[in-house]
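Heads up, the thing below is written out as C-alpha cells.
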Amino acid sequence: MQAIKANFSCQCGKVKGLVDSPSALRLVCYSKDYRGYYNTLNALATKIGLPEPAKLDPFGGVDLLQIYPNEIKVLEGKDLLETCIIREKSPIHRCYTKCCFTPLFDTGSTGAALFNSALISDEDQKCEVKYRIIGRQALKGDGSVKKPPMSFSVPFGWFFTMPKRCRQDKVLPSPVAIKEGEDIKVLEGFMEG
84 MQAIKANFSC QCGKVKGLVD SPSALRLVCY SKDYRGYYNT LNALATKIGL PEPAKLDPFG
144 GVDLLQIYPN EIKVLEGKDL LETCIIREKS PIHRCYTKCC FTPLFDTGST GAALFNSALI
204 SDEDQKCEVK YRIIGRQALK GDGSVKKPPM SFSVPFGWFF TMPKRCRQDK VLPSPVAIKE
264 GEDIKVLEGF MEG
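When you read off a place in the sequence shown, starting at 1, and then add 83, the result is the number in my numbering.
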C-alpha cells in the first residue's frame with residue numbers, strides 16, 4: 084500500500100476531484116462485470132458522439148485503487164454524478180458522470196471504494212499494481228502485448244470478510260450519498276463483458 088494525493092477529472096473536465104489516501108492499494112480486475120460496465124459506458128458515450136471514456140487494458144482489465152470512500156472528494160460537478168447498479172439487488176453502487184459517461188468509483192457493502200485509477204494523469208502518483216484478480220475472465224489479447232501474470236493470493240472469501248476489517252470511521256462521508264431504502268437505477272443497456 085502506498086500514500087497517494089492526486090487530482091482527477093472526468094474525460095470532458097466538468098467533474099473534478101481529489102483522491103487523498105494514506106494507504107491505496109492498486110489492482111487490476113478482469114471480471115466480466117467490470118468489463119461489461121465499462122463497455123456499456125463506452126457504448127453510451129459513442130452513441131451520442133463522444134469518445135470512449137472507460138479505459139480497459141489489452142486483456143479487458145480495469146485499473147483500480149482500493150481506498151476508503153471518504154478519501155474521494157468531488158470538488159466540482161457533483162450534480163453531474165450518476166449512481167447505478169448493473170443488476171437488480173447488486174450490493175455494488177457504481178458512480179459515473181452524466182456529462183461524458185466516465186466511470187469514477189464504486190462503493191459497496193464492504194466499506195471500501197474502488198476508484199478508477201486511469202483518471203490520475205500523473206504516473207508518478209500511481210502506486211505499482213499489487214494484484215491482478217479474476218484472471219480466468221481475462222481476454223486473450225491480440226498478441227501485441229505479453230499477458231501479465233495474474234495474482235492468486237487474494238482469495239475469493241477475502242471480499243466477504245473485508246467488512247470486518249474496514250475502519251468504519253473512514254467510510255463516511257461517502258462522495259455520493261445513498262439514502263437508506265433509496266432505489267438505485269439499474270444501468271440501462273448493461274452488456275456483460
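Beta carbons are placed, not taken as given, at the ideal position from N, Cα and C, and that holds for glycine.
Taking three-plus beta-carbon pairs below 8 Å as touching, is the region 164 to 179 in contact with the region 210 to 227?
Because the criterion of three Cβ pairs below 8 Å is not met, the region 164 to 179 and the region 210 to 227 do not touch.
Given 8 Å, three or more beta-carbon pairs between the region 207 to 223 and the region 130 to 144:
Between the region 207 to 223 and the region 130 to 144 there are three or more C-beta pairs closer than 8 Å, enough to call the two in contact.
Simplified DSSP state of K305, which is helix, strand or coil:
No statement about residue 305 is possible, as the shown extent of the chain runs from 84 to 276 and does not include it.
Would the beta-carbon of G272 fall within 9 Å of that of Y120?
On the sequence shown, position 189 is the one that residue 272 refers to. On the sequence shown, position 37 is the one that residue 120 refers to. Against a cut-off of 9 Å, the Cβ pair of Y120 and G272 comes out as no contact.
Below 8 Å on the Cβ atoms is my contact criterion, and I expect A86 with P105 to pass it. Report the Cβ-Cβ distance as a whole number of Å.
Here residue 86 refers to the residue found at position 3 of the sequence shown. Here residue 105 refers to the residue found at position 22 of the sequence shown. Yes, they are in contact, since the Cβ atoms of A86 and P105 sit about 5 Å apart, within 8 Å.
Assign D225 to one of three DSSP states: helix, strand, or coil.
Numbered from its first residue, the sequence shown carries residue 225 at position 142. Here D225 sits in coil by DSSP.
Give a yes or no on contact between the region 126 to 139 and the region 147 to 160, applying the rule of three or more CB pairs nearer than 8 Å.
In this structure the region 126 to 139 does not lie against the region 147 to 160, because fewer than three pairs of beta carbons, one per stretch, are closer than 8 Å.
Within a Cβ cutoff of 7 Å, which residues of the same chain sit near V212, ignoring the five residues on either side of it in sequence?
Numbered from its first residue, the sequence shown carries residue 212 at position 129. For V212, where only same-chain residues beyond five positions count, the Cβ hits under 7 Å are R109, L110, V111.
Presumed contact (8 Å Cβ cut-off) between I168 and F91, rounded CB distance
Position 85 of the sequence shown, counted from the start, is the residue given in the question as residue 168. Position 8 of the sequence shown, counted from the start, is the residue given in the question as residue 91. Going by Cβ atoms, the distance from I168 to F91 rounds to 23 Å, so no, they are not a contact pair.
Local Cβ density within 10 Å of D116, reported as buried at 16 or more and exposed below that:
Stepping through the sequence shown from its first residue, residue 116 is reached at position 33. Buried, since its Cβ has 16 or more Cβ neighbours within 10 Å.
Chain-order list of residues whose beta-carbon lies under 8 Å from that of I267 (same chain, five-residue window excluded)
In the sequence shown, the residue the question calls residue 267 occupies position 184. Within the same chain, Cβ atoms closer than 8 Å to the Cβ of I267 are found at T166, C167, I168, H176, I261, the five residues on either side in sequence being excluded.
Cutoff 8 Å; reference S200; Cβ partners in own chain excluding five residues on either side
If you number the sequence shown from 1, residue 200 lands on position 117. Closer than 8 Å at Cβ, skipping near neighbours: R109, D146, L147, L148, K209.
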